[in-house]
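A short worksheet on the structure shown next.
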Amino acid sequence: MAEEARALAPDERCPKCSHRKASASQEACARCGLAFALWDPASTPRLVPLDDRAEALWKDAVSAWDNPTAHDAFLKHCSMAGLLPAAGRRYREKLDAHPHDLVAAQMQKRVLAMATALLGAPTQKPSAPFTRSAGFWLILLSALFLGIIGALMFKR
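Okay, here's the thing in structure tokens:
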């Protein structure tokens, strides 16, 4: 499918998702909703391709298509390497070529779930609560000391 997508003229496919346009006058992509008139090629980020290891794992997954272990290895590597968008494109290309492929549909849903989970993951470690800091204990001990001094001075 990737070869077929590359073989078609660029204006025959959506520049975002590579879905085939129904006609040249079509205003938006039927799959992803991209409004073609608003698309600016200069501001579009470059698509990140699979690295060599991911390519090898993809070939393994394709050759053993019904083997979930091969797909697991491919997705694990892509997740760790930050290549989930490229992995999703590969499964989408399979679905474009074979719309009723249950494995490709399941794997594409899994890529989407993995990417969605990464969106909600914190990007940095949260800071320790103030009550765990040295400043908190300094303030607490100072207040305790001043309270004792005040109680002794104003004792009647």
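Numbers 1303 to 1458, taken from the working numbering, label the letters of the sequence shown in order.
Virtual Cβ for every residue (Gly too), placed ideally from N, Cα, C.
Can you tell me whether residue i is buried or exposed? The criterion is at least 16 other CB atoms within 10 Å of its CB, across all chains shown.
i	result
residue 1406	buried
residue 1287	It is not possible to answer for residue 1287, since the shown part of the chain is limited to 1303 through 1458.
residue 1390	buried
residue 1334	exposed
residue 1360	buried
residue 1463	This structure gives no information on residue 1463, because the portion of the chain shown stretches from 1303 to 1458.
residue 1356	buried
residue 1437	exposed
residue 1305	Here the model assigns residue 1305 a pLDDT of 45, short of 50, so the residue's position is not dependable and the matter cannot be decided.
Over the uninterrupted alpha helix (DSSP H) stretch that includes residue i, give me the two end residues.
i	result
residue 1413	1404 to 1422
residue 1437	1436 to 1455
residue 1377	1370 to 1383
residue 1397	1386 to 1399
residue 1361	1354 to 1365
Using only CA atoms, which one of the options lies nearest to residue i?
i	options	result
residue 1420	1383, 1434, 1447	1383
residue 1358	1377, 1404, 1435, 1331	1377
residue 1399	1316, 1314, 1321, 1317	1321
residue 1349	1403, 1435, 1317	1317
Going by the CB atoms, is the gap between residue j and residue i shorter than 9 Å?
i	j	result
residue 1352	residue 1385	yes
residue 1340	residue 1319	no
residue 1393	residue 1409	yes
residue 1388	residue 1380	yes
residue 1362	residue 1375	yes
For the pair the segment 1314 to 1334 and the segment 1361 to 1369, tell me if three or more CB-CB distances fall below 8 Å. no
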